[in-house]
Amino acid sequence: GTLQAVIARTPVKHVIVASMGDMLGGLKGAIVNLVVRRVKKMVPAWSLPGHVKFNAVLKTGATIAFKPPTVSGDDIAFLQYTG
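Count along the sequence shown starting at 1, add 1144, and that's the number in our numbering.
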């Protein structure tokens, strides 16, 4: 299944969507994303209303001062590995 198919039945509030060319910068990243989506058709059509693009999150975050969170030994660390 996909997130699109199940998100309505979950408590998920925020979705950040990354694209293959996001970290390649400007023109190169845009070309990679175009080729992956339109030429090679590697990305199926999808709809996630309210999603935020990864690069937009980075841009917004760059304007905010970092405030370290308070953590304890009872906190859970979650590392998502998809490769």
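Think of the CB as a built atom: it goes at the ideal place given N, C-alpha and C, for glycine as much as any other residue.
Please read all numbers here as calculations on a predicted model, not as lab measurements.
Between Leu-1202 and Gln-1148, the gap from beta carbon to beta carbon reaches 7 Å or more. About 6 Å separates the beta carbons of Val-1176 and Met-1164, which is inside the 8 Å limit, making them a contact pair.
Nearest Cα to Thr-1226 within the set Ala-1162, His-1158 and Pro-1155: Ala-1162. Here Lys-1197 carries a strand assignment [DSSP, helix/strand/coil].
As the crow flies, the alpha-carbon of Ala-1189 is around 9 Å from that of Arg-1181.
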